[in-house]
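Engineer:
Numbering (the UniProt record's numbering), first residue to last: 1 to 1083.
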């Protein structure tokens, strides 16, 4: 036992609290670094789902693009010369697109404003993905950048002393953490290639200092002559005491925690094996790896019979394991390398390292039986020649039997995402050597494995698979094994959470009827920060998780990602996965059913899929996965995961559906591909209109009528192409602003001369594809002027205006949808165009509403009236007064029309060669304008009649007023008040009544509703109608009426003044120019 009086207390891990031996850097309990430092950020460059480079971010401002003056230079023709900027704000890097032509996606969504990044966020530039990562603290200690040998380029040089307020740099490894120095000639560690060898120090800092001269990096051994004989004797006694005490402790308590037994006793903490060599603050064990050399190959027929090789191993392959090919091979190999050497020191390696391979892998499992020399023999699994686990198996009848994967010899040239990663898996039988670290003397433990008779373990009891190696760790519950390198900062609790989630998900799949999910075959998960995202490899049957997925496995997103890869594991039990990679149709089936498998056990995953993949592109800029043809797949087709929605809509028990849920489950269990049937594909194409209804937020009519309508599909804001019409919050002067989730060439902005900008849409749709588009007024900003969506003929589509019913349009004529405005019209318009039976192109434009034409003012109810006339000081019938504006507008429509005068203003203009009246002496003036605003449409109609220059009547304007049809005529009478009625009603009979009028009539209105009627060729059926508002008509007229008396009486004149205001309702109808003409009056 260890007493406090004998030695100093052991240091404690700052993460898990476990004591550890001094001088080591990684906690043997939790795998975290014992000397944590600040996070160090890096960019992972990803192309074709492969990480091609790790780039540290050492400076406060990182410029990214193709130009040579960028901090990070990317060779991608689709990236702009100056594309993206990352700026350290003291807490995070902020990403900003600096005006690139192709745009930038952040986690699949257009980057429209500076946005703070979180670790794991992905930026897409052209064909290149950049993922922000945090270099683990261990890597920061083990693998810093090399000091630059040449002066830094100007773009990376530290700022001068005269710079005002240099920006702070992001965290960077301190000089003291460097394991080597270019000055001392020490070699970098084996992991040094993780960093670029040319990373500069942060700006504002001098180059990292080297150790002071004369100070050694290693402890200087004491001279043997510096110790007296007495001290040597005391030291010898102490050594003997420590050795004897250590042996006693080992005999009493064993060596470390059990790897496969249940949880360790309370207060027990395993200690790592003793490090016999000197340990420095910068040293780390080299990774234990091995290489494999085949020594024997046995061809095995798929006949259900055991086939034995010369080493006594046998392989039994079921008859349906092969889809094609000549046979399966049992490969026996020898291993060499550091891992093989370490195994050989601690174990008797009883068998070769075995693998089972076929030309294109196989379906199901083969049974591998390996000879066991004794009861202590165990099967070890070696994955990727590095990761090691012991299986919870004991020999029966002298053999250890394992259900093994039938792996493919090689991967296809362009494998699908589900099998894109290479990898290996080998099986070997080990037995601990007596007295070795793996099996201490006088104990019965194999790497801490209890060799008592086997007992069943509950699925929720998690334990170490292995503690012997210092290179990797493994946690298990007996079936699920989670492995990771010690340099990966994965917490034990995170590994156990992965085991728990795998168990829960596989039980859920088994409950839905998937046969393979209920099997007892081992499931292996490796946490590897080098992978860009979760991936299943059919090459070795392993699920690989990046660090961010592993640490967030209990979140909804992490659980869904894991569920998808687990479904590939289920599929690999029933299908020949590598053969599917040679067929785009088969891969499409496997990938879309993997998503639908997740939908079956997690209904919210349906919404997540739509939101996550709804705006991702396939193989060209702006081309959405929706638009791509189904029933095919290629390596870069992650966007086609959105087709899982199409399959889900077509999955029901009705005859209208291509397949039912139970039909999909049976197909997976049988390893079949029902979509290869031409009738299946024709059925899906026939149901595209039902698919469009679903994407418009309503239930399908014929197919899966019970499909969940989650919030994302109801609102439509985060999938398909979205266009926002709003005011530019960054520029008060830019009142009209268009923004799109997509870009060229699919959505192109044009700005015609003297007109506001507009969007031109050319969206190709492949056969059986669809194109969802939504135009929204306002979005995240204030609403601006109303727009219309003008769709060219030639393509079938369905559309929805706000929450109104879905409408089908066959595509036989131009379609105008709108007005699109948050208050005056429809807040949003949604369209889904169909590529039913052939490739087609959706062509449309989004532009400001076009209100040019003939405007007619139609008065409504009177709200108030204050007009009085001086003749008898009585009020005038207000309904008759409001008719004056109507008569004037109709008379104007016969002689001119409203045309654009500004970006959003229209004004009345006479047609060429036309005058206001036919009277050359008439000097009356009419002014009429319409103004389209962000909240309403305003208008003004004003008539000004100057007094006559000489005596006599001035009939010209009254002639204008008398022109409209429908205005009542009035015959001669004597009463002077009737003369005002003549004015109001517009009646004028030449030779009977003489009228002189001067003054003004001014009508102004503000209206809040705009409707597109879509006709405009016939009175009563306008092109546009504007309503919901009030008008004020101000009257200030002096009227002189001359009445010819009966008989010999002399004509009499009487002057009347009418003045006041009428407030009334009004509607404006807009017709095509020329619909109302002079011939219409019939006079």
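All C-beta atoms in this analysis are idealised placements derived from N, C-alpha and C, irrespective of residue type, glycine included.
Going along the chain, which unbroken runs of the beta strand (DSSP E) with 3 or more residues stay wholly within the segment 870 to 948?
Structural biologist: Counting only runs of 3 or more, we get 896 to 900, 905 to 910, 925 to 932 and 937 to 945.
Engineer: Between 806, 852, 813 and 857, which lies nearest to residue 832 when the distance is taken from Cα to Cα?
Structural biologist: Answer by Cα proximity: 806.
Engineer: Using the Cα positions of residue 773 and residue 1023, report the straight-line distance between them to the nearest angstrom.
Structural biologist: Cα to Cα, the separation comes out at about 25 Å.
Engineer: So, does the segment 379 to 392 touch the segment 495 to 503, judging by three or more C-beta pairs under 8 Å?
Structural biologist: No, the segment 379 to 392 is not in contact with the segment 495 to 503.
Engineer: Where does residue 771 fall in DSSP's three states?
Structural biologist: Residue state, collapsed to three classes: strand.
Engineer: Mind checking who residue 613 pairs with in its DSSP beta bridge?
Structural biologist: In DSSP, residue 613 forms no bridge with anything.
Engineer: Using the Cα positions of residue 1085 and residue 1028, report the straight-line distance between them to the nearest angstrom.
Structural biologist: This structure cannot speak to residue 1085, because the chain is shown only from 1 to 1083.
Engineer: If you draw a straight line from the alpha carbon of residue 288 to that of residue 336, how long is it in whole angstroms?
Structural biologist: In a straight line, the C-alpha of residue 288 is about 11 Å away from that of residue 336.
Engineer: Give me the Cα-Cα distance between residue 768 and residue 688, rounded to the nearest whole angstrom.
Structural biologist: Roughly 7 Å between the two C-alpha positions.
Engineer: Could you work out which residue in 1006, 105, 947 and 924 is closest to residue 940 when comparing CA atoms only?
Structural biologist: Selected option, being the one with the closest Cα: 1006.
Engineer: When we look at the beta-carbon of residue 863 and count the other beta-carbons within 10 Å, is it buried (16 or more) or exposed?
Structural biologist: Flag for residue 863 reads exposed.
Engineer: From residue 1098 to residue 405, what distance separates their C-alpha atoms?
Structural biologist: Outside the modelled stretch of the chain, which goes from 1 to 1083, sits residue 1098, for which no answer is possible.
Engineer: Quick check on DSSP: helix, strand or coil for residue 32?
Structural biologist: Confidence in residue 32 is poor, its pLDDT being 48 and thus under 50, which makes the residue's placement unreliable; the coordinate value appears in the next sentence. Looking at residue 32 - three-state DSSP - the assignment turns out to be coil, as it is neither helix nor strand.
Engineer: Compute the beta-carbon to beta-carbon distance between residue 646 and residue 630, rounded to the nearest angstrom, for a pair I have assumed lies under 8 Å.
Structural biologist: Contact flag correct, Cβ pair sits at about 6 Å.
Engineer: May I have the straight-line CA-CA distance separating residue 1039 from residue 775, to the nearest angstrom?
Structural biologist: The alpha-carbon atoms of residue 1039 and residue 775 are separated by roughly 53 Å.
Engineer: Helix, strand or coil for residue 852? Go by DSSP, reduced to three states.
Structural biologist: Coil at residue 852, not helix or strand.
Engineer: Sorted by chain position, which residues of the same chain lie with C-beta nearer than 7 Å to residue 314's C-beta, five sequence neighbours on each side aside?
Structural biologist: Taken in chain order, the residues that qualify are 306, 307, 308 and 369.
Engineer: Using three-state DSSP, classify residue 522 as helix, strand or coil.
Structural biologist: Coil, per DSSP.
Engineer: For the pair the segment 793 to 808 and the segment 687 to 702, tell me if three or more CB-CB distances fall below 8 Å.
Structural biologist: The segment 793 to 808, when compared against the segment 687 to 702, does touch it at the 8 Å Cβ threshold.
Engineer: Out of 878, 996 and 906, state which residue places its alpha-carbon closest to the alpha-carbon of residue 923.
Structural biologist: Nearest of 878, 996 and 906 to residue 923, Cα basis: 996.
Engineer: Give a yes or no on whether the C-beta atoms belonging to residue 290 and residue 340 are separated by under 8 Å.
Structural biologist: Going by C-beta atoms, residue 290 is nearer than 8 Å to residue 340.
Engineer: Is residue 1065 helix, strand or coil when you go by DSSP?
Structural biologist: Looking at residue 1065 - three-state DSSP - the assignment turns out to be strand.
Engineer: Going by CA-CA distance only, name the one from 757, 745 and 743 that's closest to residue 737.
Structural biologist: Of 757, 745 and 743, the residue nearest in Cα terms is 757.
Engineer: Which of helix, strand or coil does DSSP assign to residue 663?
Structural biologist: In the structure shown, residue 663 sits in a helix (DSSP, three-state: H, G or I).
Engineer: Any heavy atom of the ligand PLP within a distance shorter than 7 Å of the CB on residue 677?
Structural biologist: The ligand PLP is absent from the structure shown, which contains no ligands of any kind.
Engineer: Helix, strand or coil for residue 1002 per DSSP?
Structural biologist: Looking at residue 1002 - three-state DSSP - the assignment turns out to be strand.
Engineer: Do residue 371 and residue 351 come within 8 Å of each other at the CB atom, strictly closer than that value?
Structural biologist: The answer is yes: Cβ separation under 8 Å.
Engineer: From 642, 846 and 703, pick the residue whose C-alpha is nearest to that of residue 656; which is it?
Structural biologist: Ranking 642, 846 and 703 by Cα distance to residue 656 puts 703 first.
Engineer: On the three-state DSSP scale, how would you describe residue 567?
Structural biologist: Residue state, collapsed to three classes: helix.
Engineer: Check for me: the alpha helix (DSSP H) holding residue 1085 runs from which residue to which?
Structural biologist: Summary: the structure shown does not reach residue 1085, with the chain confined to residues 1 through 1083, and so no result is reported for it.
Engineer: Give me whichever residues DSSP pairs with residue 798 in a beta bridge.
Structural biologist: Its beta-bridge partners are 808 and 832.
Engineer: Pairs of beta-carbons, one from the segment 587 to 604 and one from the segment 85 to 102, closer than 8 Å: are there three or more?
Structural biologist: The answer is no - the segment 85 to 102 does not touch the segment 587 to 604, with fewer than three Cβ pairs under 8 Å.
Engineer: From which residue to which residue does the alpha helix (DSSP H) around residue 578 run?
Structural biologist: Here the alpha helix (DSSP H) through residue 578 covers 577 to 580.
Engineer: Does residue 684 come out as helix, strand or coil in the three-state DSSP assignment?
Structural biologist: In this structure, residue 684 counts as helix in the three-state DSSP scheme.
Engineer: Taking the DSSP output, what are the residues bridged to residue 61?
Structural biologist: Looking at the DSSP assignment, residue 61 forms a beta bridge with 87.
Engineer: According to DSSP, residue 474 sits in a beta bridge with which residue or residues?
Structural biologist: In DSSP, residue 474 forms a bridge with 466 and 483.
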